[in-house]
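Engineer: In the working numbering, the protein residues as written are 521 to 677.
Handing you this structure, nothing more for now.
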Amino acid sequence: MRTENMGFEFSLQGLLRVRESFEKKEEQKLTLAIAELKRLHAILEEVRKQLTSTAVRLYQLLVRGTTGADLHLLCLERILLERGEETLAESVRTALKEVQAQLARYQAAKQKRKILDDLREQQLALFLLAERRKDQQKLDDAYLVGRTSHPTGKSVA
């Protein structure tokens, strides 16, 4: 039994495999970049929650009254958290830029692979059309040979 594309060879199959592999690697890099962005964003949100908590504690200390040392320590904690927030916010912006750049690289790799894949599909369709035409020609030739060997035009059964 004959398969649909028996005998079909895509001359750029090796290049297509390379492009598929490259696309997959770029997709994996994109996945990692997104994961890193999510991780940094989660840490940033946690720092922001700590800042809010510190502000509440600072307010409570001011309302209740406290020692200068406790107030000083809480203010230092807040300053450190604010610096950490600034650093993390910059890291998030950098990670976001990396995700965008990696997305562009992935899309370019996907487009290059798709061009070759589309070309392969077109060549396969042309090959199959040529095969069908050959098969039809063989059937037509066999029919004509049968008709010419029997002058009455009746087929022998």
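Beta carbons: idealized from backbone N, C-alpha and C, even for Gly.
My output table needs one value for Ser611: the three-state DSSP class, helix, strand or coil.
Structural biologist: By one-based count along the sequence shown, residue 611 stands at place 91. Correct three-state label for Ser611: helix.
Engineer: Check Leu648 in the structure and name its three-state DSSP category.
Structural biologist: As a working mapping, residue 648 is identified with position 128 in the sequence shown. Three-state result, Leu648: helix.
Engineer: Does DSSP put Thr551 in a helix, a strand or coil?
Structural biologist: Along the sequence shown, one-based indexing puts residue 551 at 31. Here Thr551 sits in helix by DSSP.
Engineer: Might you give, ordered along the chain, the residues of its own chain that have their beta carbon closer than 7 Å to the beta carbon of Gln570, omitting 5 neighbours on each side?
Structural biologist: The residue you call residue 570 lines up with position 50 of the sequence shown. For Gln570, where only same-chain residues beyond five positions count, the Cβ hits under 7 Å are Leu601.
Engineer: Identify which residue in Gln620, Gln656 and Arg640 has its Cα closest to the Cα of Ser531.
Structural biologist: Position 11 of the sequence shown, counted from the start, is the residue given in the question as residue 531. Closest option to Ser531, Cα to Cα, is Arg640.
Engineer: Tell me whether Glu529 sits in a helix, a strand or coil according to DSSP, three-state version.
Structural biologist: One-based indexing of the sequence shown puts residue 529 at position 9. Glu529 falls in the coil class under three-state DSSP.
Engineer: Exposed or buried, which one is Arg633 when buried takes at least 16 other CB atoms within 10 Å?
Structural biologist: Here residue 633 is taken as the residue at index 113 of the sequence shown, counted from 1. Counting Cβ neighbours within 10 Å, Arg633 comes out buried, since at least 16 surround it.
Engineer: Restricting to Cα atoms, I'd like to know which of Asp590, Glu566 and Glu565 is closest to Arg577.
Structural biologist: For this step, residue 577 is matched to residue 57 along the sequence shown. The candidate whose alpha carbon is nearest that of Arg577 is Asp590.
Engineer: Counting only beta-carbon atoms, is Arg577 nearer than 8 Å to chain C?
Structural biologist: The structure shown contains no chain C; it holds only a single protein chain.
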